[in-house]
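Colleague: Listed in order, the protein sequences are those of chains A and B. Heads up: the first sequence is residues 1 to 417, going by the numbering used here. Heads up: the second sequence is residues 418 to 484, going by the numbering used here. Glycine is no exception: its CB is placed at the ideal position from the N, C-alpha and C atoms. Remember, it's a predicted structure, so these values are computed and weren't measured experimentally. Shown below is the structure under consideration.
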Amino acid sequence: MTPFKAEITLHEQEGLAVLYGEPMIFHCNHYNLFLQRTIEDAGSYIPAAEILTRGGVVCTYGMLHRLFETHPHIRDPQHRLRVASTIYGQLGFGTLDLSGLPENGGTVVTPLTHYSLGWKEKWGVREQPVDYFTCGFIQAAMAIAYYKTPGFYRVAQEKCLSMGHSQNEFNVAIDPEMPYVPVSVGTGVTIRDATSRRKGIPTQVDEAGITNAVRGIPLEGNADGLIPAFGVYLTRHFANYYNYITYEAARAITNATGEPELARDLFVEAGHVCAVYTFGGIMESDEWYGLVVPQCQTREDWISGMMAVVNALGWGYWTVTELDPGKRMVLRVDGDYESNSYLAMYGKSTRPVSYLVTGGAAGVMNLLYCEDITTKPVLNDDFYDHLRRRDDTFWGVQVKCRAMGDDWCEVEVTPHS
Amino acid sequence: MGRLKKIIDAIAAESKGAQAKLIVARVGLKAGVNLSKIDESTPDDPVLEEKLLKAAHAILGKPITIN
Chain A
1 MTPFKAEITL HEQEGLAVLY GEPMIFHCNH YNLFLQRTIE DAGSYIPAAE ILTRGGVVCT
61 YGMLHRLFET HPHIRDPQHR LRVASTIYGQ LGFGTLDLSG LPENGGTVVT PLTHYSLGWK
121 EKWGVREQPV DYFTCGFIQA AMAIAYYKTP GFYRVAQEKC LSMGHSQNEF NVAIDPEMPY
181 VPVSVGTGVT IRDATSRRKG IPTQVDEAGI TNAVRGIPLE GNADGLIPAF GVYLTRHFAN
241 YYNYITYEAA RAITNATGEP ELARDLFVEA GHVCAVYTFG GIMESDEWYG LVVPQCQTRE
301 DWISGMMAVV NALGWGYWTV TELDPGKRMV LRVDGDYESN SYLAMYGKST RPVSYLVTGG
361 AAGVMNLLYC EDITTKPVLN DDFYDHLRRR DDTFWGVQVK CRAMGDDWCE VEVTPHS
Chain B
418 MGRLKKIIDA IAAESKGAQA KLIVARVGLK AGVNLSKIDE STPDDPVLEE KLLKAAHAIL
478 GKPITIN
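Below, the structure is given as structure tokens:
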């Protein structure tokens, strides 16, 4: 039997990559872990573990439900579980063998997962298991395989690499309460077309050519189900996972404390972490030096080149509309994946919600004008800490947001102090 | 200056620049308290003080002491 391979399709007008109705985006281990840690930090007064797990259920169930509608001949539960396991590895989450799991649940053992390995490598051993996403993924896969509701099973991680165990172990059981689990919003509220109305700063680089070239790079899980690339571990993750866990955590924090902005700076910083490690890693890579650097005459061309790469990641379309080198940048984003979901999940927002965009924009400026990514510095915690301690480190502020009713998002980046 | 503001200043003094701001934000998130609303005139509050010191210890990996 030929192994199943999930097809991710490009929605070019919106700048999205879609897997059976679910928008998929690249994010690295540093972003994934920083964001999760932020939500866990509020865990003494919000149901952090439930939010992080349920986010995995929502997006995985939505994707698999549409997948098996598209492939109605795949009806056998074991076949469905094999398909889910394959997709898990293809997207870079690690290795997961769900085959053989009976309808009443059981135990799943994995040698490694993106989250468990990533946490251990970044922050060392912890006391609690880390892989809530995989718990949610397994829960959804079991529900789809056995034609149950998404809340039919519950999954608990019993062993974890991040706790010092030699492998990960997940226990699957029937949840007698069968709780309600919301339905994924899919691609959400998208834009009509961003490909023709954007006008960025003048540049020498062929932005469309770079975007298309990067879209063609095969970034899929290796034999370990990981995507080591550009000095990080990438995942091709569910946009709706990030959006669900971020916005539901923010909502729970607001309900518990009355403070809607309590986590804002940290959600934004997750985006900055992402930019420093992933954008930085890209700008130090052989691919960058082969494809982009030969087209660059100025440091500002590096920024345009980076925007062209970002526009291949499924994040909508990023355009730098104003740039005062070393001082100020204005970034416009059409069709950001955060607003797409927010609008579909909650309607209009009274506050900007494009956290990834806001932090990411500052990260671009920091890599080019605060530090000097052209000298290929080592991108590690010391580098990051030094960058954020500097008086001239850049900081982003979102001044327009589609979720607030604007036609596009806009972020202004200036020095922090 | 009240003790709560002194605690926040001591937490911020563990770093510089944006990093200091982010550490304070993380302590505030962990404690469930908006620390930007605390200033020199905020009256002492032993319960909140204990909460902040506990959160700061967990995040910084060491206790914060003030005079």
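Using three-state DSSP, classify residue 481 of chain B as helix, strand or coil.
Modeller: In the second sequence, residue 481 of chain B corresponds to position 64, counting from 1. Shown here, residue 481 of chain B sits in coil according to DSSP, grouped into three states, outside any helix or strand.
Colleague: Taking Cβ to Cβ, would you say residue 266 of chain A is nearer than 8 Å to residue 442 of chain B?
Modeller: Position 266 of the first sequence, counted from the start, is the residue given in the question as residue 266 of chain A. Position 25 of the second sequence, counted from the start, is the residue given in the question as residue 442 of chain B. Cβ distance < 8 Å, so residue 266 of chain A and residue 442 of chain B count as in contact.
Colleague: With respect to the alpha helix (DSSP H) encompassing residue 206 of chain A, which residues constitute its N-terminal and C-terminal limits?
Modeller: Your numbering for residue 206 of chain A matches position 206 in the first sequence. It is not in any alpha helix (DSSP H) - residue 206 of chain A carries neither H nor E in the DSSP assignment.
Colleague: Using the rule of at least 16 other Cβ atoms within 10 Å of the residue's Cβ for burial, across every protein chain shown, is residue 336 of chain A buried or exposed?
Modeller: If you number the first sequence from 1, residue 336 of chain A lands on position 336. Its Cβ being crowded by 16 or more others within 10 Å, residue 336 of chain A is buried.
Colleague: Do you know whose CA, among A:100, A:96, A:94, lies nearest residue 76 of chain A's CA?
Modeller: Counting from 1 along the first sequence, the entry for residue 76 of chain A is found at position 76. Here the closest residue by C-alpha is A:100.
Colleague: Tell me whether the beta-carbon of residue 389 of chain A lies closer than 8 Å to the beta-carbon of residue 432 of chain B.
Modeller: One-based indexing of the first sequence puts residue 389 of chain A at position 389. One-based indexing of the second sequence puts residue 432 of chain B at position 15. Yes.
Colleague: Name the chain B residues that come within less than 7 Å of residue 393 of chain A, Cβ to Cβ?
Modeller: Reading the first sequence from its first residue, position 393 is the one you call residue 393 of chain A. What residue 393 of chain A touches in chain B: 434, 435.
Colleague: Anything in chain B within Cβ reach of residue 385 of chain A, meaning under 7 Å, just list it in chain order.
Modeller: Your numbering for residue 385 of chain A matches position 385 in the first sequence. By Cβ distance, chain B contributes 436.
Colleague: Please determine if the region 380-398 of chain A and the region 290-309 of chain A are in contact, where contact requires at least 3 C-beta pairs separated by less than 8 Å.
Modeller: no
Colleague: Going along the chain, which residues of the region 123-150 of chain A sit with their C-beta nearer than 8 Å to a C-beta in chain B?
Modeller: none
Colleague: Using a Cβ cut-off of 9 Å, pull out every chain A residue sitting near residue 442 of chain B, in sequence order please.
Modeller: Residue mapping note: residue 442 of chain B aligns to position 25 of the second sequence, counting from 1. 262, 263, 264, 265, 266, 269, listed in chain order.
Colleague: Would you call the region 45-63 of chain A and the region 236-255 of chain A touching, i.e. three or more CB-CB distances under 8 Å?
Modeller: yes
Colleague: By a C-beta neighbour count over all protein chains shown, 10 Å radius and 16 as the cutoff for buried, is residue 141 of chain A buried or exposed?
Modeller: For the purposes of this step, residue 141 of chain A is identified with residue 141 of the first sequence, where counting begins at 1. Classification of residue 141 of chain A: buried, given that the 10 Å Cβ count is 16 or more.
Colleague: Who pairs with residue 350 of chain A in a beta bridge, going by DSSP?
Modeller: Along the first sequence, one-based indexing puts residue 350 of chain A at 350. DSSP, once it has assigned bridges, lists no residue as partnering residue 350 of chain A.
Colleague: Which of the three DSSP states, helix, strand or coil, is assigned to residue 119 of chain A?
Modeller: Reading the first sequence from its first residue, position 119 is the one you call residue 119 of chain A. Here residue 119 of chain A sits in helix by DSSP.
Colleague: Write down the C-beta distance between residue 115 of chain A and residue 131 of chain A rounded to the nearest angstrom, noting that I regard them as a contact closer than 8 Å.
Modeller: Against the first sequence, residue 115 of chain A aligns to sequence position 115. Against the first sequence, residue 131 of chain A aligns to sequence position 131. Contact flag correct, Cβ pair sits at about 4 Å.
Colleague: Less than 8 Å separating the beta-carbons of residue 445 of chain B and residue 35 of chain A?
Modeller: In the second sequence, counting from the first residue as 1, residue 445 of chain B sits at position 28. In the first sequence, counting from the first residue as 1, residue 35 of chain A sits at position 35. No, they are not a contact pair.
Colleague: Between the Cα of residue 341 of chain A and the Cα atoms of A:25, A:190, A:9, A:71, which residue gives the shortest distance?
Modeller: The residue labelled residue 341 of chain A in the question sits at position 341 within the first sequence. Check the Cα spacing between residue 341 of chain A and each of A:25, A:190, A:9, A:71: the tightest is with A:190.
Colleague: Would a check of beta-carbon distances place residue 250 of chain A closer than 8 Å to chain B?
Modeller: Position 250 of the first sequence, counting from 1, holds the residue named residue 250 of chain A. No, because no Cβ of chain B sits closer than 8 Å to the Cβ of residue 250 of chain A.
Colleague: State whether the region 49-60 of chain A contacts the region 230-242 of chain A, with contact taken as three or more CB pairs (one from each stretch) at a distance under 8 Å.
Modeller: Between the region 49-60 of chain A and the region 230-242 of chain A there are three or more inter-stretch CB-CB distances shorter than 8 Å, so the stretches are counted as touching.
Colleague: Can you tell me whether residue 173 of chain A is buried or exposed? The criterion is at least 16 other CB atoms within 10 Å of its CB, across all chains shown.
Modeller: In the first sequence, counting from the first residue as 1, residue 173 of chain A sits at position 173. The residue is exposed, with fewer than 16 neighbouring Cβ atoms inside 10 Å.
Colleague: Which residues share a DSSP beta bridge with residue 157 of chain A?
Modeller: In the first sequence, counting from the first residue as 1, residue 157 of chain A sits at position 157. Answer by DSSP bridge pairing, in chain order: A:170.
Colleague: Roughly how far, in whole angstroms, is the beta-carbon of residue 62 of chain A from the beta-carbon of residue 186 of chain A, given that I think they are within contact range, below 8 Å?
Modeller: Translated into positions along the first sequence, residue 62 of chain A becomes position 62. Translated into positions along the first sequence, residue 186 of chain A becomes position 186. Indeed, because the Cβ distance is near 7 Å, the residues count as touching under 8 Å.
Colleague: For residue 463 of chain B, which of helix, strand or coil comes out of DSSP?
Modeller: As a working mapping, residue 463 of chain B is identified with position 46 in the second sequence. In the structure shown, residue 463 of chain B sits in a helix (DSSP, three-state: H, G or I).
Colleague: Suppose contacts are defined by Cβ-Cβ distances below 8 Å. Is residue 137 of chain A in contact with residue 60 of chain A by that definition?
Modeller: As a working note, residue 137 of chain A is residue 137 in the first sequence. As a working note, residue 60 of chain A is residue 60 in the first sequence. For residue 137 of chain A and residue 60 of chain A, yes; Cβs fall inside 8 Å.
Colleague: In terms of alpha-carbon separation, which member of A:354, A:382, A:51, A:288 lies closest to residue 408 of chain A?
Modeller: On the first sequence, position 408 is the one that residue 408 of chain A refers to. When only C-alpha atoms are compared, the closest one is A:354.
Colleague: If you drop the 5 nearest sequence neighbours on each side, which residues of the same chain put their C-beta closer than 6 Å to that of residue 413 of chain A?
Modeller: One-based indexing of the first sequence puts residue 413 of chain A at position 413. Cβ within range, chain order: 329, 361, 362, 365, 394, 396.
Colleague: Does the CB of residue 45 of chain A have a neighbour CB from chain B at under 8 Å?
Modeller: By 1-based counting over the first sequence, the position of residue 45 of chain A is 45. It does: the Cβ of residue 45 of chain A has a partner Cβ on chain B nearer than 8 Å.
Colleague: Could you list which residues in chain D have their beta carbon closer than 8 Å to that of residue 257 of chain A, in chain order?
Modeller: Of the chains in the structure shown, none is chain D; the protein chains are A and B.
Colleague: Which term fits residue 352 of chain A, buried or exposed, when burial requires 16 or more other beta carbons within 10 angstroms of its beta carbon?
Modeller: Numbered from 1 along the first sequence, position 352 holds the residue referred to as residue 352 of chain A. Counting Cβ neighbours within 10 Å, residue 352 of chain A comes out buried, since at least 16 surround it.
Colleague: Identify, in the order they occur along the chain, each residue of the same chain with its Cβ nearer than 6 Å to the Cβ of residue 417 of chain A, setting aside the five sequence neighbours on each side.
Modeller: As a working note, residue 417 of chain A is residue 417 in the first sequence. Within the same chain, residue 417 of chain A has close Cβ partners 391.
Colleague: If you run the structure through DSSP and keep just helix, strand and coil, what is residue 17 of chain A?
Modeller: Within the first sequence, the letter at position 17 stands for residue 17 of chain A. The answer is strand: DSSP assigns residue 17 of chain A an E or B state.
Colleague: Taking the alpha-carbon positions, what's the residue 181 of chain A to residue 30 of chain A distance?
Modeller: Taking the first sequence and counting its residues from 1, one reaches residue 181 of chain A at position 181. Taking the first sequence and counting its residues from 1, one reaches residue 30 of chain A at position 30. Near 28 Å, if we compare the C-alpha coordinates of residue 30 of chain A and residue 181 of chain A.
Colleague: I'd like to know whether the C-beta of residue 416 of chain A is nearer than 8 Å to at least one C-beta of chain B.
Modeller: Residue numbering aside, residue 416 of chain A sits at position 416 when the first sequence is read from its first letter. Yes, its Cβ sits closer than 8 Å to a Cβ of chain B.
Colleague: What separation, rounded to the nearest whole angstrom, lies between the Cα atoms of residue 82 of chain A and residue 98 of chain A?
Modeller: Numbered from its first residue, the first sequence carries residue 82 of chain A at position 82. Numbered from its first residue, the first sequence carries residue 98 of chain A at position 98. If you take the alpha carbons of residue 82 of chain A and residue 98 of chain A, they lie about 7 Å apart.
Colleague: What separation, rounded to the nearest whole angstrom, lies between the Cα atoms of residue 232 of chain A and residue 200 of chain A?
Modeller: On the first sequence, residue 232 of chain A is found 232 positions in, with the first residue counted as 1. On the first sequence, residue 200 of chain A is found 200 positions in, with the first residue counted as 1. So the two alpha carbons sit approximately 29 Å from each other.
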